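**Q** Residue numbers (the numbering used here): -9 to 132. In this text, a Cβ means the ideal position worked out from N, Cα and C, and glycines have one as well. Treat the numbers as computed from the prediction; the structure is a model and nothing was measured.
Next comes the structure, spelled out in C-alpha cells:
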C-alpha cells in the first residue's frame, strides 16, 4: 500500500508539471489619458534705436527712395521627366525610330515629331536633343 501511494504521488507530480492549470486572469480596465504639455512662448520685438544714448543726438530717420522698376519673378518651367531609351532602325529602310519615356509613358518618335509639347530636334545612338518651351535639353541614353 505504501508503494502504491508513493508511485501515485510521483505520477501526480509528473502529470501536474506537464499539464498545468491556467490561472484565471481578471480583466482590468485601464483608462489612459494624454494631456500634452503646452509651453507658452514669450514673444518680443527688437526695435531699432533712433537715438544714440552716448552722444545725446537724435539720428535722422532713414529716407526711403522709391525705385520705379520692379522685377517680376521668372516663371519656373516644370520640365517633365524624360529618358532616352534607344534607337530602333528598320533594316530595309533608312527610317529611324527613337524610344522616349516621358513621365513613365513610353513613346516611339521620329526626328522632328512633337509629343506632349516636346519636339525631337536631333537623335543618334548615344543621345537625343529635345526642345520643351524654347529650352533645349540633351538626354543621354539610359
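Any chance the CB of residue 83 is under 7 angstroms from a heavy atom of the ligand HEM?
**A** Within the structure as shown, the ligand HEM is missing, as the structure has no ligands at all.
**Q** Go to residue -4, then tell me how far its alpha helix (DSSP H) extends in each direction, as first and last residue.
**A** For the purposes of this step, residue -4 is taken as residue 6 along the chain shown, with counting starting at 1. Element bounds for residue -4: -8 to 8.
**Q** Thinking C-alpha only, which one of 38, 44, 61 is nearest residue 52?
**A** Indexing the chain shown from 1 puts residue 52 at position 62. The residue with the shortest Cα to Cα distance from residue 52 is 38.
**Q** Return the CA-CA distance between residue 79 and residue 98, expressed in angstroms with no decimal places.
**A** Translated into positions along the chain shown, residue 79 becomes position 89. Translated into positions along the chain shown, residue 98 becomes position 108. The straight-line gap from Cα to Cα measures roughly 12 angstroms.
**Q** So for residue 98, helix, strand or coil by DSSP?
**A** In the chain shown, residue 98 corresponds to position 108, counting from 1. Residue 98: strand per DSSP, three-state reduction.
**Q** CA-CA distance, residue 119 and residue 54?
**A** The residue labelled residue 119 in the question sits at position 129 within the chain shown. The residue labelled residue 54 in the question sits at position 64 within the chain shown. For residue 119 and residue 54, the distance between alpha carbons rounds to 50 angstroms.
**Q** What span of residues does the beta strand (DSSP E) with residue 116 cover, start to end?
**A** Within the chain shown, residue 116 is the residue found at index 126, counting from 1. First-last for residue 116: undefined, no H or E at that position.
**Q** What number of angstroms, rounded off, separates the C-alpha of residue 8 from the C-alpha of residue -5?
**A** For the purposes of this step, residue 8 is identified with residue 18 of the chain shown, where counting begins at 1. For the purposes of this step, residue -5 is identified with residue 5 of the chain shown, where counting begins at 1. Between residue 8 and residue -5, the C-alpha separation is close to 20 angstroms.
**Q** Strictly by DSSP, which residues pair up with residue 89?
**A** Within the chain shown, the letter at position 99 stands for residue 89. Paired residues: 76, 98.
**Q** Ignore the nearest five residues each way along the sequence and tell me which others in residue 86's own chain have a CB closer than 8 angstroms to its CB.
**A** Taking the first residue of the chain shown as 1, we reach residue 86 at position 96. Around residue 86: 77, 78, 79, 100, 101, 113.
**Q** List the whole-angstrom C-beta distance separating residue 75 from residue 91, where the pair is believed to meet the contact cut-off of C-beta under 8 angstroms.
**A** Within the chain shown, numbered from 1, the residue matching residue 75 stands at position 85. Within the chain shown, numbered from 1, the residue matching residue 91 stands at position 101. That belief holds up - the Cβ atoms of residue 75 and residue 91 are roughly 6 angstroms apart, short of 8 angstroms.
**Q** Which partner residues does residue 104 have in the DSSP bridge list?
**A** Counting from 1 along the chain shown, the entry for residue 104 is found at position 114. Paired residue(s): 109.
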